[in-house]
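What follows is a short report on a single structure.
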Amino acid sequence: MKAVILPDYNQNLIRALVGMRIEEKPIPIPQKGEILIKIKAAPCNPSDIAFLRGGYNIRKTIPAIPGFEGAGEVTFVGPGAPNDLIGKLVSCFIQDDKQGTWSEYIVAKLDDCILLKEKMPIDQAACFTVNPFTAYGLFNLAKVKGSKAIIQNAAAGQVGKLIRVLAKQDKIKVINIVRKEEHLKELIAEGEKNILNSTDKNFASSLHLKARELEANLCFDAVGGEVTGTLINVMPPHSDLILYGGLSGQDLSNIDALGVIFDKKVIKGFNLMDWMNTLEEGEFEDISEYLQDLFIKGTLKTDIQESFKLIEVVKGIRAYIGNMSAGKILIKP
Ligand SMILES: NC(=O)c1ccc[n+]([C@@H]2O[C@H](COP(=O)([O-])OP(=O)(O)OC[C@H]3O[C@@H](n4cnc5c(N)ncnc54)[C@H](OP(=O)(O)O)[C@@H]3O)[C@@H](O)[C@H]2O)c1
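When you read off a place in the sequence shown, starting at 1, and then add 25, the result is the number in our numbering.
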């Protein structure tokens with residue numbers, strides 16, 4: 026099989042990309058309880074970019090095959106895995122040291138795969154295991170807290186978009202934060218009413234007013250760095266900020282310590298894998314059914330900007346980092 030090979034991590038993404046190549050590898054053989062998947066599509070996510078730069082919490086042995094999620098067809102099963110899975114489509118999430126979804130085949134444990142409903146579009150299935158569950162898990166925090174409104178940054182990205190749809194279903198208002206005027210205009214055109222540009226000089230005071238007007242007491246922060254301070258400082262007392270991404274690449278700063286102490290504010294991390302471990306028996310399957318139905322109906326959708334062949338992987342990543350808000354790129358071996 027052919028696979029993308031990352032020869033070494035490099036903090037400088039362009040240098041990391043320069044070294045990437047395609048190599049022939051033996052097709053892996055599924056062991057007990059495992060299945061062989063012929064990958065049909067695999068996205069590039071911010072976590073993949075962090076991985077290539079050596080800055081993610083997963084570091085594979087180098088040279089490594091990148092790619093954590095994808096979707097494909099089951100072509101062979103190991104002992105103990107049901108034969109009738111052959112020919113079925115699955116989404117998978119793999120952090121295995123020796124494998125990656127940016128390849129023609131991958132072996133996965135059944136537990137790391139989601140059996141797809143027949144009508145689930147394959148491009149949507151490729152991006153199904155991470156962002157939709159993240160949006161669901163985050164949004165559930167708003168329901169638990171009884172929030173009337175939430176704040177989210179990176180609002181032109183795909184998690185932001187999914188959260189907006191889930192919030193609309195539950196009539197919870199969203200204050201969307203973007204950093205480019207073009208995305209502010211796009212969200213207005215989509216009918217969003219509460220949008221702020223974090224580069225505006227009055228951003229902090231505008232957010233202060235908006236958060237109080239809408240009684241927003243929960244914020245989903247994908248950016249980190251100094252902006253986390255700005256967000257938590259202007260939020261009303263008893264607010265929570267959930268940090269789930271580090272897109273700024275910076276440590277948290279600018280946090281008003283006295284505000285956190287006396288206004289009883291909370292800053293907390295969210296990690297999808299940890300959230301999944303909190304689910305009760307059968308709950309993940311129920312959520313998966315619910316989310317797949319929303320994707321099949323078209324209520325939820327991940328924007329895909331373009332698809333690339335395995336050999337075009339560098340071109341694809343360049344397209345993605347050049348315009349992350351335009352949607353995911355898919356690698357289609
Ligand atoms: N904790 C978890 O378990 C978990 C799970 C899934 C995703 N995540 C994280 O969620 C975040 C969003 O993922 P996604 O798939 O939605 O990303 P995405 O679709 O690629 O979109 C990223 C968005 O972030 C914006 N952005 C990029 N760098 C930024 C910066 N420095 N400051 C402000 N905005 C910035 C981009 O806007 P521009 O056009 O302005 O660049 C774009 O709209 C990522 O950090 C990802 O790692 C975390």
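The C-beta atom is built at its ideal place from N, Cα and C for all residues, glycine as well.
| message | Any heavy atom of ligand 1 inside 8 Å of the beta-carbon of N178? | response | Within the sequence shown, the letter at position 153 stands for residue 178. The answer is yes for N178.
Worksheet item: Going by DSSP, which residues form a beta bridge with E94?
Response: Residue numbering aside, residue 94 sits at position 69 when the sequence shown is read from its first letter. Answer by DSSP bridge pairing, in chain order: F118.
- Can the beta-carbon of I111 be found closer than 9 Å to that of I119? The count along the sequence shown starts at 1 and reaches residue 111 at position 86. The count along the sequence shown starts at 1 and reaches residue 119 at position 94. Taking 9 Å as the Cβ cut-off, I111 and I119 do not qualify as a contacting pair.
>> Can you tell me whether F118 sits near ligand 1, meaning its C-beta is under 8 Å from at least one heavy atom of the ligand?
In response: Along the sequence shown, one-based indexing puts residue 118 at 93. F118: no, Cβ never under 8 Å from ligand 1.
Name the one or two DSSP bridge partners that V248 has.
-> The residue you call residue 248 lines up with position 223 of the sequence shown. Note: V248 sits in no beta bridge, so no partner.
Are three or more beta carbon pairs between the stretch 140 to 150 and the stretch 167 to 181 nearer than 8 Å? no
Q) Between Y315 and ligand 1, is the CB less than 8 Å from at least one heavy atom? A) The count along the sequence shown starts at 1 and reaches residue 315 at position 290. Result no, Cβ not under 8 Å from ligand 1.
- Please report the residue range of the alpha helix (DSSP H) in which I286 lies. Translated into the one-based positions of the sequence shown, residue 286 becomes position 261. Element bounds for I286: 282 to 287.
> Who are the Cβ neighbours of K12 in its own chain at under 6 Å, not counting the five residues just before and after it?
Replying inline: An answer regarding residue 12 cannot be provided, because it is not within the stretch 26 to 358 covered by the chain.
Subject >> C-alpha gap between G360 and V291, whole angstroms >> reply: Only positions 26 to 358 of the chain appear in this structure, which leaves residue 360 out of reach.
| message | In whole angstroms, give me the CA-to-CA distance for K63 and S223. | response | As a first step, residue 63 is located in the sequence shown; it is residue number 38 there, counting from the start. As a first step, residue 223 is located in the sequence shown; it is residue number 198 there, counting from the start. Looking at the two C-alpha atoms, the distance is approximately 42 Å.
Subject >> Simplified DSSP assignment, three categories, for Q36 >> reply: Stepping through the sequence shown from its first residue, residue 36 is reached at position 11. Coil, per DSSP.
_Residues that D265 bridges to, as DSSP identifies them_ = The count along the sequence shown starts at 1 and reaches residue 265 at position 240. Note: D265 sits in a beta bridge opposite L243, V291.
I'd like to know whether the C-beta of I267 is nearer than 9 Å to at least one C-beta of chain B.
Absent here is chain B; the protein component of the structure consists of one chain.
**Prompt:** What's the call for S185, buried or exposed, on a 16-neighbour Cβ count within 10 Å?
**Reply:** Here residue 185 is taken as the residue at index 160 of the sequence shown, counted from 1. Looking at the sequence provided, one finds Gly at residue 185 rather than Ser. Flag for G185 reads buried.
| request: Can you check DSSP and say which residues form a bridge with R46? | output: Translated into the one-based positions of the sequence shown, residue 46 becomes position 21. According to DSSP, which records beta bridges pairwise, R46 is partnered with I30.
I need the straight-line Cα distance from D265 to N242, nearest angstrom please. Residue 265 sits at position 240 when you count from the first residue of the sequence shown. Residue 242 sits at position 217 when you count from the first residue of the sequence shown. Rounded to the nearest angstrom, the two C-alpha atoms are 6 Å apart.
inquiry  = For a test of your reading of the model: does the CB of F93 fall under 8 Å from any non-hydrogen atom of ligand 1? Yes or no.
reply    = Numbered from 1 along the sequence shown, position 68 holds the residue referred to as residue 93. Not so, every heavy atom of ligand 1 lies at least 8 Å from the Cβ.
Cutting at 7 Å between CB atoms, please list the residues of its own chain near R204, excluding the five before and the five after it. Here residue 204 refers to the residue found at position 179 when the sequence shown is read from its first residue. So the qualifying residues of the chain are N222, S223, T224.
Looking at the structure shown, is A66 part of a helix, part of a strand, or coil, going by DSSP? Start at 1 with the first residue of the sequence shown, and residue 66 comes out as number 41. Of the three classes helix, strand and coil, the one that applies to A66 here is strand, per DSSP.
Exercise. Using the beta-carbon count (16 or more within 10 Å), is A67 buried or exposed?
Worked result: Here residue 67 refers to the residue found at position 42 when the sequence shown is read from its first residue. The residue is buried, with at least 16 neighbouring Cβ atoms inside 10 Å.
Determine contact between the stretch 99 to 109 and the stretch 52 to 60, defined as no fewer than three beta-carbon pairs at a distance below 8 Å. yes
Query raised in the report: Where does the unbroken beta strand (DSSP E) through Q177 begin, and where does it stop?
Result: Mapped onto the sequence shown, residue 177 falls at position 152. That run of the beta strand (DSSP E) goes 174 to 177.
DSSP state of T154, grouped into three classes? Counted from its first residue, the sequence shown places residue 154 at position 129. In the structure shown, T154 sits in coil (DSSP, three-state: anything other than H, G, I, E or B).
Self-check item: Closest by C-alpha distance to F76, when choosing among P107, M45, Y34
Solution: Your numbering for residue 76 matches position 51 in the sequence shown. Minimum Cα distance to F76 is reached at Y34.
Shortest alpha-carbon distance to A96 belongs to which of Y81, T255, S128, Q330? Here residue 96 refers to the residue found at position 71 of the sequence shown. Nearest of Y81, T255, S128, Q330 to A96, Cα basis: S128.
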